[in-house]
Structure formats: C-alpha cells, structure tokens
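S.K.:
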Amino acid sequence: MTAKKKLKVATTSLAGCFGCHMSFLDIDERLFTLLEHIEFDRSPLTDIKECSPDCDIGIIEGGLCNAENVHVLREFRKNCKILIAMGACAINGGLPAQRNHLQLTTILEEVYHTSPGLANGMIPNDPELPLPLNKVHPIHEVVKIDYFIPGCPPSGDAIWKVLTDLLAGKEPELGHGLMHYD
Amino acid sequence: MTQTFTLDGKTVPFEDGQTIMQAATKAGVFIPHLCYHPEFKPHGSCKLCTVKVNGRQTASCTMRAMPGMVVESDTEEINAERRALTQMLFVEGNHFCPSCEKSGNCQLQATAYHLGMMSPHFDHFFPNRAVDASHPEVLLDFNRCILCSLCVRASRDVDGKNVFALSGRGIKTHLIVNAKSGRLGDTDFTLADKAAQVCPVGVILVKRKGFSVPIGERTYDKAPIAATVEGR
Amino acid sequence: MALKEMHPEAVAGIVDRVVSRWRRDPTCMVQILREIQEACDWIPPEAIDRLQATLGVPRTKIEGVAGFYSFFYLQPRGRYRVLFSDNVTDRMQGNMALMERLCGSLWVEPGKVSEDGLVSIDKTSCTGMCDQGPGMLVNNLAITRLSVERIDQIAELIRNEVPLLDWPAEFFAVEDNIRKADILLASSMQPGDALRAARERVPSDGLAASNMRSWREGLPSGLGGPAAMLDEIKRANLRGRGGAGFTTGLKWEACRNAPLKAGQQRFVVCNADEGEPGTFKDRVLLTSYADLVFEGMTVAAYAIGARRGFLYLRGEYRYLLEPLNVVLERRRKDNLLGTNIIGIPGGDFDIEIHLGAGAYVCGEESALIESLEGKRGTPRNRPPFPVTNGYLDQPTIVNNVETFAAAALIALNGGEWYAGIGTKHSAGTKILSVSGDCERPGIYEYPFGVSVRQVLEDCGAKDTQAVQVSGPSGICVAPAEFDRVIGFEDIPTAGAFTIFDNSRDMFEVARNYVHFFQHESCGFCTPCRVGTSLLKNLMDKLHNGCGSPYDFAEIEKLNQLLQSMSHCGLGHTACNPVLDTIEKFRPAYEKHMRQADFEPAFDLDRALAAARQMTGRDDPAAHIIKEEFGEDA
C-alpha cells in the first residue's frame with residue numbers, strides 16, 4: 012500500500028440507527044492508518060451531501076423504508092464502483108423490517124389516528140417528507156451489492172477486517188469472533 | 679474386523695449399521711447439520727449434511743456407511759451449496775438475530791457463521807407468523823422455525839405425548855401443537871419434556887431465562903460449531 | 035361462516051359411521067378424512083375431536099395429515115367447491131377468463147369463500163382432462179369442456195343451490211378419445227384369461243409347479259407356476275410405465291425374495307395417482323380397461339405371493355371410484371378375486387381402492403405408500419426400498435396402471451411375444467396422452483420407437499414449436515429433434531405429450547410448470563421447499579418485466595441446487611422445464627428481460643401507493659421512477 016492515489020469512500024445511513032457508523036469509529040486510531048489509503052467523500056463524517064461520480068467504495072448502513080432511502084441508494088450505486096452493505100438493517104432489513112408483517116395503512120392509522128392522545132391527528136403530507144414503502148427491504152433487493160459486513164452493529168474490528176482485506180485485494184473474510192449477526 | 683471409508687481423504691472407521699454422519703462424528707469430523715440429533719432417528723430433511731458419495735450427493739445422516747466409500751464433505755462446491763441452503767432458511771422465516779434470545783446458542787446461526795454466510799442473498803419472504811405465549815413457562819416463536827421436526831420426534835418418541843407435528847404442505851408447512859385451540863398452554867407440555875430442550879433455533883424458549891447467560895459468553899461465542907463435534 | 039351449521043352430535047355420528055366403515059383403522063386416515071369431508075363439506079374441529087377419541091390418534095397427527103392434502107379443508111369452504119384445472123393446456127383453452135367470469139357472476143374472489151358460504155372458487159393442478167378441457171372439479175367431481183355457456187349454466191345452478199346430483203349429466207361426461215389402439219387398447223382379452231394362462235405356465239425346465247403353496251403362505255416356491263410367471267415378465271423385458279422405467283421383473287423378484295418376518299405379508303400396489311400434468315392415459319385404462327389392470331395386479335400377486343392389493347387412485351378421478359368398485363365386485367363374484375381364485379387352493383387376493391386427495395408428490399412410490407398408511411405424503415429416505423420395506427414396512431411392489439395392464443397381456447401371450455414388439459431396449463407399446471395444439475387430442479398407443487414427428491402427424495399438429503414429453507418433469511423437444519423416438523433409450527416418458535404451436539410463449543409454458551412444482555412441493559426438504567418458491571418468484575419477476583441477466587444467472591444456480599440437493603424426484607426434476615426451455619428457446623426468455631445489470635423484484639413506485647393514498651400526495655417526490663439502463667437510457 013504505497014503512495015497510490017487514495018480510494019474515495021462514501022458512507023451513509025438509510026433506515027438505520029447510525030450504530031454501524033459509531034462502530035466504524037470504534038476502529039479508533041486505526042482510522043489514521045486507513046486515511047493513508049482512503050479519503051472520505053459523501054459521509055456523515057464529512058458532511059458532504061452528494062457523492063462524487065468517481066467514488067471507489069460506498070458503505071451503506073440501514074435498509075430501505077422510504078422513497079428517499081431508495082434515491083440515496085441509487086445515487087450510491089451510480090457513483091461507487093463497489094457497494095458494501097454494513098450491518099443487519101442493510102443486510103436483512105433489521106429492526107425497521109419488524110413492521111413487515113403489518114399493513115402500512117394499519118401502521119399509519121395507528122400511529123397518527125387511533126393511538127390514545129392523538130385527537131385530530133393527521134397523517135403528515137408535506138412533500139418534504141419521504142413517503143414510506145409498503146415494506147422495509149434489505150438493500151440487496153433493490154441494487155446489486157458487492158460485499159456485506161454482518162452484525163448489529165458489526166464490531167469495529169469486523170469493519171476494519173473487511174476494509175483492509177479489500178484494500179489488500181483479498182476476498183473479505185470474517186472468522187470466528189468477528190462474524191456476528193447480532 | 680474394522681471397516682472403513684474415506685472422508686475427504688481421511689480414513690474413517692465405522693460399525694455395521696452406522697451412518698456416514700455417525701461415523702464421522704465419532705471420528706471427530708464435523709459435518710454441518712440442523713435436523714440431525716444423535717439421540718433421534720435421522721430425518722434427512724434439512725439437507726445441510728449433504729455429502730458426495732462416489733460422486734453423488736446424498737444426506738450423510740441417513741446414508742449408511744459402506745466399506746470403501748469415497749465421501750467428500752468439506753469442499754468448496756458442497757460448502758457453497760450448504761451456504762445456499764442456510765440462506766434459504768434465513769429468508770424463509772423471520773430470523774432477526776439481534777432480538778433473539780437464542781443468539782449465540784443457535785445452531786442455524788452458528789452453522790451460517792461456519793459456512794461464512796455474509797448475507798441472506800435471496801429476497802426475504804417476510805412471512806406473517808404469530809407468537810404463542812400461552813404457556814406459563816415456554817414461549818413459542820414460530821418466526822424462527824426451520825421445520826427440522828426435532829421437537830416432533832422428541833415429544834413423540836421420548837415424551838410419548840405428540841405435542842408437536844408438522845402440518846400444511848410445501849412452503850406453507852408449519853409447526854402445530856396438540857390442542858383444539860392451537861395454543862401450547864392448552865397442551866400437556868411441560869418444561870421437563872425432552873421436546874423443551876431440542877430446538878436448534880429460537881422457537882421453543884424457556885421464559886425468564888433468555889439472558890441468564892450473557893451474549894458473548896454463549897456456546898458458540900466460546901468455540902465455533904465445528905469445534906463442538908463430539909468425537910473431538 | 036354461514037356454512038351448513040352442523041351439530042357436534044351430527045358430526046360425531048358421521049365420523050363414527052365413516053370410521054367403522056374403515057374398520058377403525060388409523061392407516062386409513064386419508065380415506066376417513068375424505069369421507070368426512072364429503073359429508074360435512076370440510077373437516078370441522080368437532081370431527082377431529084371425535085376421531086381423536088375413537089381412533090386414539092393424537093390431534094396433531096390428524097391435523098398434520100389433513101393439512102398436507104390440497105383437497106382437505108380445515109377451514110370452512112363453500113358448499114360448492116369449484117376448482118379450475120390449471121395445467122398449461124387449460125390456460126391455452128382459456129380457463130383464466132372462465133374463472134374470472136364465474137367469480138364475477140357469483141361475487142366471489144378466487145381463493146376465497148363467498149360471504150354466504152355458498153361457493154368457493156380456486157385453481158388446482160392438472161385434473162387429467164387435457165384432451166377435453168378446460169376442466170374443473172366441483173366437490174371433487176370432474177367437469178369437462180368448459181365454455182362460456184357452460185360456466186353461465188354452472189353459475190345459475192350454484193346460485194339456485196341445485197344439488198350436484200341434479201346437474202346435467204353431460205357436464206360430467208368424460209370421453210376416452212382413443213385415437214390409435216395397439217396390442218393393449220385393442221386387446222380382446224376376457225376377464226380371467228390371463229390368470230388361467232398364468233396358472234398353466236410351468237417352468238421352462240418342466241418341473242411340476244407348486245402354485246398353491248406359494249400363494250397361500252406368501253412364499254416364493256422357487257420352482258412352480260409363480261416363478262414361471264415371473265420368468266415371463268423378465269423375458270418380456272417389461273419396464274415400468276410410470277416414467278422411471280425400472281425393470282418390472284427385477285422389482286417383482288426382489289419383492290418375492292424379500293424375507294418376511296412373522297405376521298408379515300407381501301403387497302401389490304397399483305399407482306393410479308396420475309398427477310403429471312398432461313397425462314390422462316390411466317384415466318382411460320381405468321375407465322374402459324379396468325379388468326386388464328386388475329387382472330395384471332392379480333397376476334403380480336400370484337407371481338410374488340401377495341394376498342392384498344391397493345389401487346391408489348388420484349382424488350381428481352373420484353368419479354371412477356364407484357364404477358371401479360363395481361368391476362371389483364364382479365370379479366369377486368366371478369372368483370377372479372377373493373379366496374381360491376380360479377380354483378387355485380390358497381389363491382387368495384383382494385384389492386381395495388384408496389383415493390388420493392390432491393398431492394402430486396404421492397405419485398412417488400414411497401410417498402404413495404405413506405399416504406396409503408394414512409400419513410402425510412412425504413417421500414421416505416431410501417434405501418430401504420419398498421420391495422423389502424414398503425406398506426407397513428412389508429415387502430411391496432408399486433407399479434403403474436399401464437405396467438399392470440401390460441403384465442396381464444404378457445401372462446396371456448408370453449414374454450417372448452411381448453419382447454418382440456417395440457425396440458431392443460424398450461419392449462412393448464406405450465400409450466401417449468396427446469393434448470395441446472393439435473386437431474385430434476386423445477390417447478395414442480404405439481410400439482416403442484415411434485418418432486415425435488410421426489405422433490405429430492397422426493394427431494394433426496401444425497406449426498409445432500415444441501413438444502413437452504412426459505410432462506413438466508420430462509423433456510421439452512424442439513423441432514430439430516422431432517426425429518427422436520419414444521423409448522427408454524432416447525425419450526423416456528410416462529405418457530404426456532403436450533404440443534405447442536408457434537403462437538405459444540415457451541417462457542410462459544415453463545412458468546406454468548414452475549408454479550406447478552412450487553404448489554406440489556411437499557415441503558419436507560429445504561432445497562425443494564424454498565427453492566421452488568424462489569424459482570417461482572424469479573419466473574414471475576421475468577414475467578412482470580423486471581428480469582435482468584442477474585436473475586437469469588440466479589435461475590440457473592437454483593436449478594443446479596435443486597438437482598443436487600433435493601430429497602426426491604420432484605425437486606430433482608422441478609428445474610427441467612426451465613433448463614430445457616432456456617437451452618432451446620432462449621429468445622423467449624430474453625423477450626422478458628431488461629438489459630439492466632440488476633432489477634428489484636418488486637415495483638418500487640407501487641410500493642409507495644398505500645402511503646400516497648393515505649397522505650393524498652401525488653407530487654413528484656411521492657413517486658419513484660424506474661431507472662433506465664443500457665442503450666435506451
């Protein structure tokens with residue numbers, strides 16, 4: 012890993028809790044080593060709002076629960092050579108997908124109309140707000156995903172292992188202890 | 679006289695009537711499996727234990743060992759197929775490990791780890807399955823059922839009760855309990871039943887005990903499933 | 035549910051009557067459940083209460099069995115239960131429009147029960163009426179030649195609650211449609227001829243026979259007439275007509291030689307679970323040649339030393355039950371069944387008919403045996419095979435209807451005569467069930483070795499694009515292969531011969547077959563249970579215009595997995611129609627594919643529809659437009 016051009020890495024959190032991003036920061040001082048090889052593009056860490064068209068790696072936390080999630084995911088797919096799904100929600104819908112056995116209409120009714128204390132509640136219809144999808148989907152069901160880092164969240168070590176494997180040009184592998192779905 | 683067959687090049691002895699799985703286990707060789715349990719008659723349904731015998735795939739838990747057999751198990755090709763089966767089981771039900779009490783003690787999860795399953799790959803079915811909390815001591819979460827029928831066999835063959843059975847067909851196959859109401863609380867099921875102890879996943883859960891062993895200190899946290907093979 | 039309300043005591047009365055008719059025998063559970071449903075219109079929980087009490091079988095077992103079969107209902111269904119046959123030929127004959135019409139005029143959604151509990155309408159797998167379709171079942175009775183007029187009449191009859199018995203008889207008329215007869219269909223054999231011929235047979239070395247001892251004690255005599263009969267079957271080189279083509283003589287011999295433990299006996303089972311879509315020749319054999327079939331079974335019983343036999347008849351052929359029982363009764367009266375058959379002391383054999391209940395997988399011999407034992411029709415782990423461990427763990431042969439009919443002819447005319455017909459590797463004749471795009475659909479009997487082209491010519495097929503031989507689990511033959519021949523050495527077949535002309539979309543044909551396998555998978559093993567569903571979803575994805583080369587690769591991978599990992603033949607062959615059509619009709623698939631690398635399986639914009647409706651929004655941000663890829667971007 013010599014003075015090659017740094018890889019551009021973009022990250023985002025869709026229907027997630029940012030826990031995976033927090034875990035990412037758990038790689039601690041190894042971030043400095045990482046930064047010798049990569050630079051961050053669009054990411055909550057940089058506050059850059061849009062992906063550059065030539066990103067090398069996109070890391071996605073969270074699944075798809077609304078229209079905006081779909082737009083952001085598509086933007087990442089279009090601009091990143093490699094997409095990585097990070098964490099349970101991106102990989103299988105995770106906690107947000109626990110609503111999938113319910114009808115969306117029932118959910119909206121209950122949340123905005125029928126729950127106690129919601130007199131005259133209305134369902135928000137501001138065009139600024141993204142509309143929810145019928146069901147929450149893992150991201151591999153909507154665009155092609157190249158790699159996955161399981162975990163809720165994946166440990167900093169797991170994230171480090173996958174990224175360094177990739178930087179070394181190896182197929183990422185998580186052995187016992189790093190591989191976790193919870 | 680001892681008879682033998684070869685398993686991934688290793689010579690494995692066996693006794694008359696033993697299956698490939700039994701002989702391999704005794705010799706300390708792990709073959710992934712979910713519906714197989716040494717105390718029960720093999721079922722051969724999960725197909726995770728599929729091996730190649732003389733070039734043909736077959737379930738090792740039901741296949742009798744024969745002298746001179748050439749068995750392949752731990753190969754790239756077979757493990758890829760096993761991984762795909764595991765992924766099928768994950769998308770067929772609702773397996774949400776972060777909220778499951780069985781996480782860390784779950785054979786499905788540990789087998790998926792063993793096979794390097796990084797994602798469920800297929801599109802999820804997200805079936806709608808109810809939870810049965812009617813029994814005072816045991817919770818049934820059907821979302822995680824993989825239809826291995828170990829509880830069916832345990833209740834029928836050991837407990838003599840027939841508390842559980844499979845009903846439905848095809849993708850609609852599902853676990854039922856022995857009560858007109860369909861609720862476990864209305865059966866004669868007790869914690870002392872063998873059937874309460876055999877679920878490889880998180881369907882049959884003892885209430886109020888879920889986290890008595892903390893996450894991180896559980897069976898497969900300590901050692902991967904392959905290292906738990908009996909003969910080792 | 036406004037179903038005919040039944041008092042628990044009335045239900046109990048029905049159950050008791052049915053149970054005693056079936057000798058209080060839990061192995062007859064499938065028959066017991068069927069008769070309960072025929073009386074109650076469904077299987078109410080009270081019936082299960084009573085069964086549990088009278089048979090001493092746990093509720094879980096009863097519900098497990100009832101839940102397995104498509105024709106058993108643990109939830110109330112309509113008093114008129116309409117099932118449209120949904121084979122690809124029914125589709126070609128317009129069954130979907132007819133179903134919509136009937137649903138529309140009776141105000142009921144497909145798959146649901148009408149609010150008044152009067153009627154339920156749904157689809158079912160091929161009912162075996164492809165030569166006179168579209169077909170349907172009403173309360174499991176077959177109706178043929180559906181048309182708009184007939185559908186309207188049926189709607190009227192149901193609305194007026196006319197009992198099924200009073201419906202016009204022509205609705206239920208089933209034609210044989212025999213177009214070409216050979217040794218079997220043209221046989222003039224009289225009941226008893228084959229048995230008498232078998233009795234006279236002596237071993238080729240001329241030693242005296244000991245028939246009676248063999249039959250009475252269920253033991254192979256080794257020397258006598260039964261052994262000689264078996265020799266004829268072997269000499270005839272008869273192979274199973276159910277598709278797999280196992281040598282019949284070897285099967286019978288293995289069963290005959292299987293040791294019996296105390297109290298055990300041997301069994302003869304006739305597999306009339308003709309479920310392969312597009313096959314209907316057993317229907318004709320059992321309608322007009324039942325004596326030949328029963329005689330063949332009796333010959334088999336004589337050869338292997340069996341005293342009990344079963345005919346396992348598919349539930350779709352429920353209408354044949356009474357006529358077949360009449361034939362059995364006559365044969366008993368004529369001393370061709372029962373005790374001391376045709377005067378052979380100890381020559382005891384009788385046949386009982388069991389009906390299936392809508393499960394294709396029961397055509398697999400070990401699943402069939404499970405079903406005969408009153409269980410879920412799950413294929414067993416093999417070995418051991420049925421010839422040693424079959425019905426109730428006792429030696430059993432299971433053969434196809436046509437195999438037994440052929441065995442009767444062999445008993446009469448000898449093995450050498452039979453072996454001289456057909457080809458070297460495929461002796462005798464094969465009955466084909468011809469349907470689809472041709473002028474004369476029906477039954478055609480040919481000596482083995484006939485070319486696909488010849489059959490097409492004989493039945494008046496024009497502009498043929500493809501022929502599916504032996505149904506979805508068989509092979510799809512393209513025009514370049516029309517000179518291939520029917521026979522075990524080239525195209526083996528259970529008998530289906532379904533013709534598609536140039537107007538048909540072969541992708542849709544394959545998709546129909548994939549739906550069939552998904553519906554019929556027994557659910558026992560992971561690869562078939564989940565794999566057939568995944569395959570169905572992928573084919574539907576292509577059908578919906580969302581397919582991409584990625585999905586295509588996925589389909590191929592799934593097929594591989596089904597083939598290598600499945601528990602039984604259903605899973606192994608579930609991918610055949612797709613693999614074959616991909617290989618031979620690839621453009622039909624490409625028409626359904628978008629050129630994007632990857633497409634989601636669901637319509638993203640439609641996934642917002644509920645939220646749009648709830649919020650009343652329709653602004654641009656309330657939509658997700660389809661991304662355009664490739665050249666037309």
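Protein chains in written order, with my numbering: chain A, 12 to 193; chain B, 679 to 910; chain C, 35 to 667.
Think of the CB as a built atom: it goes at the ideal place given N, C-alpha and C, for glycine as much as any other residue.
From a predicted model like this one, the values you see are computed outputs, not experimental measurements.
Taking 8 Å as the CB-CB limit, is residue 32 of chain A close to chain B?
M.R.: It does not; no Cβ of chain B falls within 8 Å.
S.K.: How big is the Cα-Cα spacing for residue 214 of chain C and residue 480 of chain C?
M.R.: Each residue's Cα considered, the two are about 8 Å apart.
S.K.: Just mark residue 667 of chain C as buried or exposed, buried being the case when its beta carbon has 16 or more other beta carbons within 10 Å.
M.R.: The predicted model places residue 667 of chain C with a pLDDT of 30, which falls under 50 and marks its position as unreliable; any figure quoted below should be read in that light. Residue 667 of chain C is exposed by the Cβ-count criterion.
S.K.: Give the straight-line distance between the Cα atoms of residue 566 of chain C and residue 32 of chain A, rounded to the nearest whole angstrom.
M.R.: C-alpha separation (whole angstroms): 38 Å.
S.K.: For residue 862 of chain B and residue 812 of chain B, which I take to be in contact (beta-carbon distance under 8 Å), what is that distance rounded to the nearest angstrom?
M.R.: Contact flag correct, Cβ pair sits at about 6 Å.
S.K.: Does the distance from the C-beta atom of residue 22 of chain A to that of residue 64 of chain A stay below 8 Å?
M.R.: Against a cut-off of 8 Å, the Cβ pair of residue 64 of chain A and residue 22 of chain A comes out as no contact.
S.K.: Can you list the residues of chain B that residue 96 of chain A reaches, using a CB-CB cut of under 8 Å?
M.R.: Those within 8 Å of residue 96 of chain A in chain B are 797.
S.K.: For chain C, check one thing: does any of its Cβ atoms lie closer than 8 Å to the Cβ of residue 903 of chain B?
M.R.: No, residue 903 of chain B does not count as interfacial toward chain C.
S.K.: Secondary structure at residue 771 of chain B, three-state DSSP: helix, strand or coil?
M.R.: Looking at residue 771 of chain B - three-state DSSP - the assignment turns out to be coil, as it is neither helix nor strand.
S.K.: In this structure, does DSSP put residue 46 of chain C in helix, strand or coil?
M.R.: If DSSP states are grouped into helix, strand and coil, residue 46 of chain C belongs with the helices.
S.K.: Distance, Cα to Cα, residue 327 of chain C vs residue 597 of chain C?
M.R.: Residue 327 of chain C and residue 597 of chain C: Cα-Cα distance of roughly 34 Å.
S.K.: What is the rounded straight-line gap between the Cα of residue 409 of chain C and the Cα of residue 61 of chain C?
M.R.: Cα to Cα, the separation comes out at about 7 Å.
S.K.: Is residue 68 of chain C close to chain B? Criterion is C-beta to C-beta, closer than 8 Å.
M.R.: Chain B, which has no Cβ nearer than 8 Å to the Cβ of residue 68 of chain C, makes this no.
S.K.: Return the chain-ordered ranges of every beta strand (DSSP E) run that is complete within the segment 356-418 of chain C and spans a minimum of 3 residues.
M.R.: Complete beta strand (DSSP E) runs here, min 3: 384-389.
S.K.: Which chain A residues sit within Cβ distance under 8 Å of residue 776 of chain B?
M.R.: Those are 99, 105, 106, 163, 192 and 193, listed as they occur along chain A.
S.K.: Rounding to the nearest angstrom, what Cα-Cα distance links residue 588 of chain C and residue 26 of chain A in this structure?
M.R.: Distance between the alpha carbons of residue 588 of chain C and residue 26 of chain A is about 27 Å.
S.K.: Taking the alpha-carbon of residue 16 of chain C as reference, which of C/625, C/299, C/658 and C/624 has the nearest alpha-carbon?
M.R.: Because residue 16 of chain C is not part of the residues shown, which for chain C are 35 to 667, the question remains open.
S.K.: Any idea if residue 241 of chain C is buried or exposed, counting beta-carbon neighbours within 10 angstroms, 16 or more meaning buried?
M.R.: With a pLDDT of 44 at residue 241 of chain C, under the threshold of 50, the predicted position of this residue should be treated as unreliable, and no value is reported.
S.K.: Below 8 Å, how does it come out for the segment 883-890 of chain B and the segment 812-821 of chain B: are there three or more Cβ pairs, yes or no?
M.R.: Result yes; three or more Cβ-Cβ pairs closer than 8 Å.
S.K.: Taking CB distances under 8 Å as the criterion, tell me whether residue 152 of chain A reaches chain B.
M.R.: So yes, residue 152 of chain A belongs to the interface.
S.K.: Would a check of beta-carbon distances place residue 810 of chain B closer than 8 Å to chain A?
M.R.: It does not; no Cβ of chain A falls within 8 Å.
S.K.: Could you please give me the residues that DSSP links to residue 40 of chain A through a beta bridge?
M.R.: According to DSSP, residue 40 of chain A bridges with nothing at all.
S.K.: Is it right to say residue 255 of chain C is buried, meaning 16 or more other beta carbons lie within 10 angstroms of its own, or is it exposed?
M.R.: For residue 255 of chain C, the predicted structure reports a pLDDT of 47, less than 50, and the residue's modelled location is therefore unreliable. The matter cannot be settled from this model.
S.K.: Taking buried to mean at least 16 other C-beta atoms within 10 Å of its own C-beta, is residue 99 of chain A buried or exposed?
M.R.: Buried, because 16 or more other Cβ atoms sit within 10 Å of the Cβ of residue 99 of chain A.
S.K.: Starting from residue 271 of chain C, follow the alpha helix (DSSP H) in both directions and report where the run begins and ends.
M.R.: That residue, residue 271 of chain C, is in no alpha helix (DSSP H); it is neither H nor E in DSSP.
S.K.: Identify whether residue 480 of chain C lies in helix, strand or coil by the three-state DSSP scheme.
M.R.: DSSP places residue 480 of chain C in strand when its eight states are reduced to three.
S.K.: Which whole runs of the beta strand (DSSP E) in the segment 419-486 of chain C are 3 residues long or more, in chain order?
M.R.: Runs found: 430-434, 463-470 and 476-481.
S.K.: Mind checking which residues open and close the alpha helix (DSSP H) that includes residue 599 of chain C?
M.R.: Segment 583-599, the alpha helix (DSSP H) holding residue 599 of chain C.
S.K.: For the segment 633-655 of chain C, enumerate the residues whose C-beta is nearer than 7 Å to any C-beta of chain A, in chain order.
M.R.: Residues 634, 635, 638, 641, 642, 644, 645, 646, 648, 649, 650, 651, 653 and 655.
S.K.: Any idea if residue 65 of chain C is buried or exposed, counting beta-carbon neighbours within 10 angstroms, 16 or more meaning buried?
M.R.: It counts as buried.
S.K.: What separation, rounded to the nearest whole angstrom, lies between the Cα atoms of residue 83 of chain C and residue 50 of chain C?
M.R.: Those two C-alpha atoms are separated by around 12 Å.
S.K.: Going residue by residue through the segment 94-151 of chain A, where are the continuous beta strand (DSSP E) segments of at least 3 residues, counting only ones entirely within it?
M.R.: Listed in chain order, the complete beta strand (DSSP E) runs (minimum 3 residues) inside the segment 94-151 of chain A are 143-148.
S.K.: Mind checking who residue 785 of chain B pairs with in its DSSP beta bridge?
M.R.: The partner list for residue 785 of chain B (beta bridge, DSSP) is empty, contrary to what the question assumes.
S.K.: By DSSP, does residue 52 of chain C sit in helix, in strand, or in coil?
M.R.: In the structure shown, residue 52 of chain C sits in a helix (DSSP, three-state: H, G or I).
S.K.: So what's residue 825 of chain B in DSSP terms, helix, strand or just coil?
M.R.: It is coil, neither helix nor strand.
S.K.: Measuring CB atoms only, is the segment 279-297 of chain C touching the segment 411-418 of chain C, in the sense that at least three cross pairs come out at less than 8 Å?
M.R.: Output reads no: the segment 411-418 of chain C does not touch the segment 279-297 of chain C.
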